[in-house]
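**Q** Could you have a look at this structure, given as structure tokens, before my questions?
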Amino acid sequence: MKQPQEIVSDTKELISSKVSPAVERINSFSEMILGTKVAQFSMDCYEKALQTASDVVDHFLPPNDNEKSQQNGFHYDSNVNEQKSARVGYLFHRSVYLVTVTSRRLIGLAQKRVDSAVSATDSVVNSARKSLSNLLPNDDNQVHNGEAKAPSHHKKKHHNNQVKSQ
Numbered sequence: 642m643k644q645p646q647e648i649v650s651d652t653k654e655l656i657s658s659k660v661s662p663a664v665e666r667i668n669s670f671s672e673m674i675l676g677t678k679v680a681q682f683s684m685d686c687y688e689k690a691l692q693t694a695s696d697v698v699d700h701f702l703p704p705n706d707n708e709k710s711q712q713n714g715f716h717y718d719s720n721v722n723e724q725k726s727a728r729v730g731y732l733f734h735r736s737v738y739l740v741t742v743t744s745r746r747l748i749g750l751a752q753k754r755v756d757s758a759v760s761a762t763d764s765v766v767n768s769a770r771k772s773l774s775n776l777l778p779n780d781d782n783q784v785h786n787g788e789a790k791a792p793s794h795h796k797k798k799h800h801n802n803q804v805k806s807q
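Take 642 as the starting number for the sequence shown in our numbering and just add one per residue.
Printed below as a string of structure tokens:
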């Protein structure tokens, strides 16, 4: 009877012997497909589209100082003879980076506009308060339930007019 460790070891070897050749075939097949002129042309077009999109984003949503000081880390030397799947990975990561940067810049722009609108609203409210306080006499510039009290001398005149008419 085999020991549990031997059973585990034999199972790993069996799985490895069946899976490894399949993985190698898939890798070589994908490299063969990615090595075709059509695949290379497609990746070239996609890379150019990414660069154009990146340029447009930089033009309309310029990077802030923090972004300018950081490198995005996306450098690909097409002259290097490496696996074609590495280029696919590079294009994928560059795409995700572009979406992330665009989202971050749009959120930053929206935040600046919200802050500006809040500041402008505060300024208008403060100006309106000052104008209202200047219009009302000092004794009566209290507000009750959202309505300014009428000055007391107006109430007396109104009351005297009612008495005379009776």
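Glycine is no exception: its CB is placed at the ideal position from the N, C-alpha and C atoms. These numbers were taken from a predicted model, which means no experiment stands behind them.
By a C-beta neighbour count over all protein chains shown, 10 Å radius and 16 as the cutoff for buried, is ARG728 buried or exposed?
**A** In the sequence shown, the residue the question calls residue 728 occupies position 87. ARG728 is buried by the Cβ-count criterion.
**Q** So what does DSSP say about GLN673, is it helix, strand or coil?
**A** Along the sequence shown, read from residue 1 onward, the residue named residue 673 stands at position 32. What sits at residue 673 in the sequence shown is Met, not Gln. Looking at MET673 - three-state DSSP - the assignment turns out to be helix.
**Q** Output needed for ALA694: all residues of its chain with C-beta closer than 7 Å, excluding positions within five of it in sequence on either side, in chain order.
**A** For this step, residue 694 is matched to residue 53 along the sequence shown. Same-chain partners within the cutoff: LEU739.
**Q** Evaluate contact between the stretch 682 to 702 and the stretch 746 to 766, counting only Cβ atoms and requiring at least three cross-stretch pairs below 8 Å.
**A** yes
**Q** Output the distance between the C-alpha atoms of ASN705 and PHE733, rounded to the nearest integer angstrom.
**A** As a position in the sequence shown, residue 705 is number 64, starting the count at 1. As a position in the sequence shown, residue 733 is number 92, starting the count at 1. One C-alpha to the other measures close to 24 Å.
**Q** In or out: VAL721 buried (at least 16 other Cβ within 10 Å) or exposed?
**A** Taking the first residue of the sequence shown as position 1, residue 721 is located at position 80. Confidence at VAL721 is low in this model, with a pLDDT of 47, below 50, so the placement of that residue should be treated as unreliable; the coordinate-derived value is given next. Label assigned to VAL721: exposed.
**Q** What did DSSP end up calling PHE707 once you bin it into helix, strand or coil?
**A** Within the sequence shown, numbered from 1, the residue matching residue 707 stands at position 66. According to the sequence provided, residue 707 is Asn. The question's Phe does not apply to it. Correct three-state label for ASN707: helix.
**Q** For THR677, which option in SER736, VAL664, SER726, MET642 has the closest C-alpha, if you only look at C-alpha atoms?
**A** In the sequence shown, residue 677 corresponds to position 36, counting from 1. The candidate whose alpha carbon is nearest that of THR677 is SER726.
**Q** In chain order, what residues of the same chain lie with their CB nearer than 7 Å to the CB of LEU675, ignoring the 5 residues before and after it?
**A** Position 34 of the sequence shown, counted from the first residue, corresponds to residue 675. Cβ neighbours of LEU675 beyond the five flanking positions: LYS725, SER726, VAL729.
**Q** Got a sec? Which residues, its chain only, sit under 6 Å from LYS771 by beta carbon, not counting five neighbours each side?
**A** Translated into the one-based positions of the sequence shown, residue 771 becomes position 130. Taken in chain order, the list of residues that qualify is empty.
**Q** If you measure between the beta carbons of LEU691 and ARG735, is that distance less than 7 Å?
**A** Within the sequence shown, numbered from 1, the residue matching residue 691 stands at position 50. Within the sequence shown, numbered from 1, the residue matching residue 735 stands at position 94. Yes, these two residues count as a Cβ contact at 7 Å.
**Q** Classify MET642 as helix, strand or coil using the three-state DSSP reduction.
**A** For this step, residue 642 is matched to residue 1 along the sequence shown. It is coil, neither helix nor strand.
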